[in-house]
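**Student:** Take this structure first; my questions come after.
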Amino acid sequence: MFELLRKYRTLFLLALLFFVALSFYSFQLRRRDTTNAGERQVLGLLFPMQQGVSRGSSFLGSLFGGSADAEEFLAAENRRLRAELIGQEELRRENERLKGLLAFRDQAAVPTVAARVIGVDATNWFQTVTIDKGSSDGVSEGAVVVNDQGAVGRVVRNASRSSRVLLITDASSAVATLVERTRSRGICQGTGAGLILDYVALPEDVVVGDVIVTSGLGGIFPKGLPVGVVVSVVRGGFSMFQTIQVAPAVDFARLEEVLVLSGAGSPP
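Take a look at the structure:
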């Protein structure tokens, strides 16, 4: 429509000027008390033209008004579809996470309770989350918490319908572990931001990329849960032990669903 107006702009302007002139002449004739036969013929010819232009003006008005309404409708529909796509993607991701948890639960040798993270209290030193299951759901203090990626933490306080979980990255947390490749023992301690593997003697073979798992010693975490991956190994100085930094296996920044292990046993 706009392309057509641009193409015939000159012709359109001439026609518009001609119509304005005729309309002015018609207006002057209508104001007069008497008109002769020729003037009445002119008025008769102008009347259909005026009706046509009036209808054309109404059509253009409805066209442009309808265009604005259509644009607003399309924008609203676009927003609705985008929200729907986001919702579908969120459901897809949640299904993937739940499938992982279900696979772990099906292979676990102990009863489990599925829970959602409903609160996070993560500072430089204190790392805890709140889950939506408590004593009325079979969750007890001291219970181990995991997800499909590995060890998450343990329940340190519970209420009827919720529990607080101390993450393994908390500065007060310590987990007995093994280097999966060499079976070297150590203690993974939280730093607030990550993990350090302590008490690994200098002669022990530990390299970047080694997988760290729970050893089962201490009676808290069952044996074989993934804890993290070695990202740095430093030997030397006056220490008898290596300085080993470990990246947690669990993505704590995106922790949403967990399993609470309500009994002793070994993971798959």
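No gaps in the numbering here: position 79 of the sequence shown is 81 in the numbering used here, and each next residue is one more.
Where a beta carbon is used, it is the ideal one built from N, C-alpha and C, also for glycine.
Please report whether the beta-carbon of valine 248 lies at a distance below 8 angstroms from any beta-carbon of chain D.
**Tutor:** The structure shown contains no chain D; it is built from a single protein chain.
**Student:** With C-beta atoms as the reference, is valine 146 less than 8 angstroms away from phenylalanine 223?
**Tutor:** Yes; because the gap between Cβ atoms is below 8 angstroms, this pair is in contact.
**Student:** Buried or exposed, going by whether 16 or more other CB atoms sit within 10 Å of the CB of arginine 156?
**Tutor:** By the 10 Å Cβ count, arginine 156 comes out buried.
**Student:** What does the alpha-carbon distance come out to for the pair glycine 144 and valine 215?
**Tutor:** The straight-line gap from Cα to Cα measures roughly 19 angstroms.
**Student:** Return yes when the C-beta of alanine 255 is under 7 angstroms from any heavy atom of the ligand ZN, and no when it is not.
**Tutor:** Only the bare structure without any ligand can be found here, which leaves the ligand ZN out of the picture.
**Student:** Taking the alpha carbon of arginine 185 as the point to measure from, which residue in Leu261, Lys225, Glu79 has its own alpha carbon closest?
**Tutor:** If we check each option's Cα against that of arginine 185, Lys225 comes out closest.
**Student:** With DSSP run on the structure shown, which of helix, strand or coil describes serine 165?
**Tutor:** Three-state result, serine 165: strand.
**Student:** Identify the continuous beta strand (DSSP E) that holds alanine 249 and give its terminal residues.
**Tutor:** Alanine 249 -> beta strand (DSSP E) spans 245–250.
**Student:** For a quick check, are the C-beta atoms of leucine 257 and valine 115 less than 8 angstroms apart?
**Tutor:** No.
**Student:** Is DSSP giving aspartate 253 helix, strand or coil here?
**Tutor:** Aspartate 253: coil per DSSP, three-state reduction.
**Student:** When DSSP labels each residue in this structure, what does leucine 45 get in the three-state scheme?
**Tutor:** No answer about leucine 45 holds up, because its pLDDT of 49 lies below 50 and its placement is not dependable.
**Student:** With the cut-off set at 8 angstroms, would you say serine 234 and glutamine 244 are in Cβ contact?
**Tutor:** Not in contact: serine 234 and glutamine 244 (Cβ atoms no closer than 8 angstroms).
**Student:** Quick one: using the 10 Å Cβ neighbour count with 16 as the cut-off for buried, is threonine 37 buried or exposed?
**Tutor:** Any reading at threonine 37 must be qualified, since the residue scores a pLDDT of 49, below 50, and its modelled position is unreliable; no value is offered.
**Student:** Please state the DSSP three-state secondary structure of alanine 145.
**Tutor:** Three-state result, alanine 145: coil.
**Student:** Note down, in chain order, each residue of its chain lying with its Cβ closer than 8 angstroms to the Cβ of aspartate 253, except the 5 sequence neighbours on either side.
**Tutor:** Cβ neighbours of aspartate 253 beyond the five flanking positions: Gln151.
**Student:** With respect to the beta strand (DSSP E) encompassing serine 234, which residues constitute its N-terminal and C-terminal limits?
**Tutor:** Segment 228–236, the beta strand (DSSP E) holding serine 234.
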